[in-house]
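Residue numbers for the sequence shown follow our numbering, so the first one is 5 and each next one is one higher.
Note that CB positions come from ideal geometry on N, CA and C, so glycine has one too.
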Amino acid sequence: MMPLFSAKMEYALRSILYLAQQPSGLPVQSRDIAEAEHIPGPYLDQILAVLKRAGLVRSIRGVGGGYELARSPAQITVGGILRAFSGSKSFEPSEALVKDSASTTTIQCIRDFQKRTSEAIWRLLDATTIQNLLEQKRLLDQAQSIAPYL
């Protein structure tokens, strides 16, 4: 299967999900996120900086500081996270199609299909919240915990 997200986007999602599972009001240091999610520390710092600029996480300075979600998990969408890293260009037509000035029906058919596909993907990304992913994770965790007894 062709990956839909870059490594950076996957790390961002994992970081946000990790923060969403922490008790409210208890910031988490980036090294703890990196260790728990197996993300290289310097790379995670770059990701957290982007998430902070996008208003998805906030940093708390000083003793006991770290990162926490800036909004509730129900208010953060996967689409919002993706836009923080790539704008709305993640599912644009290929450069070859854009530069091809030939106005054939084949090219138009492909462009129209790509547009519909992109719109459908964005609808799904914008409808999927971190809360939705947390609920799915809890179900998977429950299923794994009872699997050894089956």
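Check your understanding: Do Ala24 and Ile114 have their CB atoms nearer than 7 Å?
Key -> The count along the sequence shown starts at 1 and reaches residue 24 at position 20. The count along the sequence shown starts at 1 and reaches residue 114 at position 110. Contact flag unset, no.
Review point. Among the residues of its own chain, which have a CB less than 7 Å from the CB of Leu137, if the five just before and after it don't count?
Key: In the sequence shown, counting from the first residue as 1, residue 137 sits at position 133. Once the five neighbours on either side are set aside, the close Cβ partners of Leu137 are Leu21.
Review point. What first and last residue would you give for the alpha helix (DSSP H) that runs through Tyr47?
Key: As a first step, residue 47 must be located in the sequence shown, where it is residue number 43. Annotation: the continuous alpha helix (DSSP H) that includes Tyr47 extends over 45-57.
Practice item. Return the CA-CA distance between Ala78 and Pro27, expressed in angstroms with no decimal places. Key: By one-based count along the sequence shown, residue 78 stands at place 74. By one-based count along the sequence shown, residue 27 stands at place 23. Going from the Cα of Ala78 to the Cα of Pro27 covers about 15 Å.
Check your understanding: Along the chain, where does the beta strand (DSSP E) that runs through Ser63 open and close?
Key -> Counting from one through the sequence shown, the residue named residue 63 turns up at place 59. Where Ser63 is concerned, the enclosing beta strand (DSSP E) stretches over 61-64.
Review point. CB-CB under 8 Å to Ile43, same chain, minus the five flanking residues each way: which ones, in chain order?
Key: The residue you call residue 43 lines up with position 39 of the sequence shown. Taken in chain order, the residues that qualify are Tyr15, Arg18, Ser19, Ile37, Ile51.
Exercise for review: Drop a sphere of 10 angstroms on the beta-carbon of Ser10, count the other beta-carbons inside from all chains shown, and report buried for 16 or more, exposed for fewer.
Suggested key: As a working note, residue 10 is residue 6 in the sequence shown. Looking at its Cβ environment, which holds fewer than 16 other Cβ atoms inside 10 Å, Ser10 is exposed.
Point to revise | Residue closest to Gly91, alpha-carbon to alpha-carbon, out of Ala58, Ser107, Thr108, Leu73 | key: Reading the sequence shown from its first residue, position 87 is the one you call residue 91. Looking at Ala58, Ser107, Thr108, Leu73, the one whose alpha-carbon comes closest to that of Gly91 is Ala58.
Exercise for review: My understanding is that Arg62 touches Lys56, with C-beta atoms under 8 Å, so please give their C-beta distance in whole angstroms.
Suggested key: Here residue 62 is taken as the residue at index 58 of the sequence shown, counted from 1. Here residue 56 is taken as the residue at index 52 of the sequence shown, counted from 1. At roughly 7 Å, the Cβ-Cβ gap stays under 8 Å, so Arg62 and Lys56 are in contact.
Review point. In three-state DSSP terms, what is Val32?
Key: As a working note, residue 32 is residue 28 in the sequence shown. Strand at Val32.
Review point. What is the rounded straight-line gap between the Cα of Thr168 and the Cα of Ile85?
Key: Since the first and last residues shown for the chain are 5 and 154, residue 168 lies out of range.
Review point. Considering only residues of the same chain and omitting the five flanking positions on each side of Arg35, which have a CB-CB separation below 8 Å?
Key: The residue labelled residue 35 in the question sits at position 31 within the sequence shown. For Arg35, same chain residues with a beta-carbon under 8 Å away, outside a window of 5 residues either side, are Gly45 in chain order.
Check your understanding: In or out: Met13 buried (at least 16 other Cβ within 10 Å) or exposed?
Key -> For this step, residue 13 is matched to residue 9 along the sequence shown. Buried, because 16 or more other Cβ atoms sit within 10 Å of the Cβ of Met13.
Check your understanding: Within this structure, are the beta carbons of Pro7 and Tyr71 separated by less than 7 Å?
Key -> Reading the sequence shown from its first residue, position 3 is the one you call residue 7. Reading the sequence shown from its first residue, position 67 is the one you call residue 71. Pro7 is not a Cβ neighbour of Tyr71, given a cutoff of 7 Å.
Review point. Would DSSP call Leu8 helix, strand or coil?
Key: Reading the sequence shown from its first residue, position 4 is the one you call residue 8. In this structure, Leu8 counts as coil in the three-state DSSP scheme.
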